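Participant: Letter by letter, the sequence shown follows residues 1219 to 1894 of this note's numbering.
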Amino acid sequence: MKRPLQQILRSAAPVILLIGIAALCYMSLAHLFGYYNDDWYLIYSGTSQGVKKFHDIFAIDRPFRGYFVGWIFNLFGVNPWLYSVGAFIMRCISALGFLWVLRMVWPREKRATFVAALLFVVYPGFLDQPNAIDYQSHQWSFALAILSIGCTLQMARSQKYWAKLLWMILSVATQIIYLALMEYYIGLEGLRLLLLAFLYIKQNPAEPKKWVSKTILGLLPNILVLVGFMYWRTQIFQAERLDINSMFSNVEESPVLRLAWMAVYMLKDMLNAIIYSWTEPVYHYAFAMRLKLFLLAFGFALVAGCLAWFALSFYKNDTSNLDHNTDDKKTSREMIIIGLLTVLIALVPIHLGNRQIIFDSYSRFSLPASGGGVLVLVGTWLTLGKTRITKWIIVILVSLATLSHIGNALSYAENWKIVRDFWWQVSWRVPQLKEGTVLMADYAGRGIPEDYGVWGPANLIYYPKLDPNASTDLKLTAATLNIPDVDAAISQAIRMTDRRSIYSESNFNNLLVLSMPSESSCVHVLDGENLELSDSSRSEIIAVAPHSKINQIGLTGEGITPPTSIFGDEPAPGWCYYYQKADLARQRGDWQEVVRLGNLVMENDLRPYDVIEWMPFIEGFAYAMQEAQVHHLSTIIRDNLFYRYQACKLVETDSRQMEEQFPEGHHLLFQELCQP
């Protein structure tokens, strides 16, 4: 009884360690993740109008995904950690499914197939794992694709008719779902074809007609699904974001040149999927961190490497191959050939859609090719034999992958902290935003690729509910800092947008600019008539700042609190809290409140990183004739020529007509800020 139990534990231990390594990579920092990119319009749609809105959102390209996102939203709500758990579970299922698939094809290669599954689960080319809400569909689709392939192989291995029928049904069902969720994963059908054909070749090596006919017959249900799916996709369903004919139009116009460039890009992406995915992300994310964070990531990588070493030690006495040198070479060739073909076929739909693998923005396109890339690596690794150095190679690869994932996770966590702090500060500064306001923002130079990265959180705070039975007309709209949007802001254009059934009318006469120039700065709500720009401001912010209308802020009421279920608990009051409240009091003309807050700041010895943030307090102290404070703070401003120029211009212009109310205070400001 003890021996079978020991065997079970020995077999299960590497799998448990594999899951543990995956948990280190993907769950160690998951509690620090929040919302990113497309998450914002999904979360706003789900919370403001209910899950039925998802059907409208995805009707233009992936209608089934609307039902899936609605189901997952009902399950997880607005808790980003739960989405990370869901993504982690699906990542593990795909890895265990990959192990299952490989062991059906190479049943005697326990060590090699485990190594492949281990590298597969930590594959560092896919860097969107922390973006778990939007990429939940990708994770589920990928896992179901792997399981579908496994069901096909299990059907081929089964002897009983009822078992074959059951596995065929499961294979077809999972295939339909994964294609409905993510159509460009169709390239994974190449892996199904290659592995099934190889399985039959091993059974009938001298009878090509037999294995060819068996392969075709075994794939027939899946072929029928593919034909039906492609017919529906190209002939029945009218996708607004996909034009099948356009995929081939460029080839028809200039076939030789286009095909030559496609070959070049294909070679580049094959190298990305197989080799550079293990080097570029770790260089970009891990070695760009501060030393303290790098040491943290290195610690995780060290632990993962130790776990990988321990897991591989369970296979050190593997003697299942009598002539392992010969078999390893044979298996190596098989894995490399199948892996290369898998990568090639998986990338074809992506390239037809005019997409490529770019790790810092389009890393998701590496996921379908990851299995093939891992097979190429493991096949190459097998040629080295079973020596101590081979174990070290796997340990190093696992450690590098962990370093990449932790570095990437820290970057995601830092981005979320900036965005969360940004909107808490906006809520302190802005009691209400008028309907029709157009927002342009800068998240400490982190980049905002789409406008919903701004209007999503803004509407969640200020206009959280819409009529679920009406069309989605945004109360607040936004624009990015790209050139067309900057041009629209400067020219005061009016623009209508319909994105995934979410409608917006952006009148740039109602522009309000929110700038966080750096991670250490506060949010600056810019007044186009009284500019106080940081010397760290982006050039785009400087260009649009004169058109910012501070009267888009509603000053009545007690203010609004962001939903803590989304933005977390309110940060403890610090410099930025008092700065925002003082700037709000200045806009209201409540100079007594400005002085009160200024005295609190002085008593608590709070200081800004960006000294332009002293301006509300300098004005308040001047109008209260606290000359010593004004002189002290003005000296700080005068040390920066850009700030001195802006401060003096504010005094000279006097757009708020403060000289009439506080002539002595205004004269004091002129003396301190304008005179040499």
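Don't be surprised by glycine CBs; every beta carbon is placed ideally from N, CA and C. These numbers come from a predicted model, not from an experiment.
Going by CA-CA distance only, name the one from Val1637, Ala1415, Ala1334, Ile1434 that's closest to alanine 1526.
Facilitator: Ala1334
Participant: In chain order, which continuous runs of the beta strand (DSSP E) of length 3 or greater are located wholly inside the stretch 1592-1667?
Facilitator: 1656-1661
Participant: How many whole angstroms separate the CB atoms of asparagine 1292 and valine 1269, which I take to be in contact at a CB cut-off of 8 Å?
Facilitator: 6 Å
Participant: Classify aspartate 1716: buried if its beta carbon has 16 or more other beta carbons within 10 angstroms, exposed otherwise.
Facilitator: exposed
Participant: Using 8 Å as the cut-off, can you tell me whether the stretch 1252-1266 makes contact with the stretch 1354-1364, which would need three or more C-beta pairs spanning the two stretches below that distance?
Facilitator: Fewer than three beta-carbon pairs drawn from the stretch 1252-1266 and the stretch 1354-1364 are found closer than 8 Å, and the two stretches are therefore not classed as touching.
Participant: Relative to the C-alpha of alanine 1662, which residue among Trp1673, Pro1586, Phe1282, Phe1640 is closest?
Facilitator: Phe1640
Participant: Is it buried or exposed for glutamate 1878, if we count other Cβ within 10 angstroms and need 16 for buried?
Facilitator: exposed
Participant: Give the straight-line distance between the Cα atoms of serine 1738 and leucine 1559, rounded to the nearest whole angstrom.
Facilitator: 49 Å
Participant: Between Val1561, Asp1546, Gly1591, which lies nearest to glycine 1603 when the distance is taken from Cα to Cα?
Facilitator: Asp1546
Participant: Alanine 1631 to leucine 1247, Cα distance in whole Å?
Facilitator: 8 Å
Participant: Measuring CA to CA, which of Phe1532, Gly1517, Asp1745, Leu1435 is closest to leucine 1235?
Facilitator: Phe1532
Participant: Between which two residues does the alpha helix (DSSP H) holding serine 1733 run?
Facilitator: Run containing serine 1733: none in the alpha helix (DSSP H); it sits in the beta strand (DSSP E), 1729-1734.
Participant: Does the count of Cβ pairs from the stretch 1798-1816 and the stretch 1852-1871 closer than 8 Å reach three?
Facilitator: no
Participant: Looking at alanine 1711 and glycine 1625, is the spacing between their C-beta atoms short of 8 Å?
Facilitator: no
Participant: What is the C-beta distance between phenylalanine 1338 and serine 1581, in whole angstroms, given that I count them as a contact (C-beta under 8 Å)?
Facilitator: 16 Å between Cβ atoms; not a contact.
Participant: Using the Cα positions of arginine 1551 and leucine 1562, report the straight-line distance between them to the nearest angstrom.
Facilitator: 17 Å
Participant: Among all the DSSP beta bridges, which residues are the ones paired with threonine 1715?
Facilitator: DSSP lists Ser1722 as partners of threonine 1715.
Participant: Excluding the five sequence neighbours on either side, which residues of its own chain have a C-beta within less than 6 Å of the C-beta of tryptophan 1809, listed in chain order?
Facilitator: Leaving aside the five residues that flank tryptophan 1809 on each side, the residues in its chain whose CB is nearer than 6 Å to its CB run, in chain order, Gly1838, Tyr1841.
Participant: Examine chain D for any beta-carbon lying closer than 8 Å to the beta-carbon of tryptophan 1385, and answer yes or no.
Facilitator: Protein chain content of the structure displayed is limited to a single chain, and chain D is not contained in it.
Participant: DSSP on valine 1296, reduced to helix/strand/coil?
Facilitator: coil
Participant: Please report the distance separating the alpha-carbon of aspartate 1823 from that of asparagine 1687.
Facilitator: 52 Å
Participant: Determine the DSSP secondary structure at alanine 1688, reduced to helix, strand or coil.
Facilitator: coil
Participant: Of the choices Pro1649, Ser1617, Leu1530, whose alpha-carbon is the least far from that of phenylalanine 1518?
Facilitator: Ser1617
Participant: According to DSSP, is valine 1269 part of a helix, a strand, or is it coil?
Facilitator: The three-state reading of DSSP puts valine 1269 in coil, since its state is none of H, G, I, E or B.
Participant: Quick check: the stretch 1300-1318 against the stretch 1758-1772, are there 3 or more CB pairs under 8 Å?
Facilitator: no
Participant: Can you tell me the Cβ-Cβ gap for valine 1390 and asparagine 1440, rounded? I've got them flagged as a contact below 8 Å.
Facilitator: Contact between valine 1390 and asparagine 1440 holds, with the beta-carbon distance rounding to 7 Å and staying under 8 Å.
Participant: Give the DSSP bridge partners of isoleucine 1771, in chain order.
Facilitator: Leu1651
Participant: For phenylalanine 1455 and valine 1287, I'd like the C-alpha separation in whole angstroms.
Facilitator: Going from the Cα of phenylalanine 1455 to the Cα of valine 1287 covers about 20 Å.
Participant: Classify tyrosine 1449 as helix, strand or coil using the three-state DSSP reduction.
Facilitator: Of the three classes helix, strand and coil, the one that applies to tyrosine 1449 here is helix, per DSSP.
Participant: Expressed to the nearest angstrom, what Euclidean distance is found between the alpha-carbon atoms of asparagine 1490 and glutamine 1864?
Facilitator: 49 Å
Participant: Of the residues Tyr1418, Ile1556, Trp1646, Leu1444, which one's Cα is nearest the Cα of serine 1376?
Facilitator: Tyr1418
Participant: Run through the stretch 1839-1874 for me and flag every whole alpha helix (DSSP H) of 4 or more residues, listed as ranges in chain order.
Facilitator: Scanning the stretch 1839-1874 from its first residue to its last, the whole alpha helix (DSSP H) runs of 4-plus residues come out as 1845-1856, 1859-1871.
Participant: What residue does the beta strand (DSSP E) around alanine 1763 start on, and which one ends it?
Facilitator: No beta strand (DSSP E) contains alanine 1763, which DSSP labels as neither H nor E.
Participant: If you check the beta carbons only, do isoleucine 1784 and leucine 1678 fall under 8 Å apart?
Facilitator: A contact, by the Cβ cut-off of 8 Å.
Participant: Identify every residue that forms a DSSP beta bridge with histidine 1502.
Facilitator: Answer is none; histidine 1502 lacks a bridge partner.
Participant: Relative to the C-alpha of glycine 1589, which candidate in Glu1788, Val1829, Ile1493, Tyr1254 has its C-alpha closest?
Facilitator: Per the Cα distances, Ile1493.
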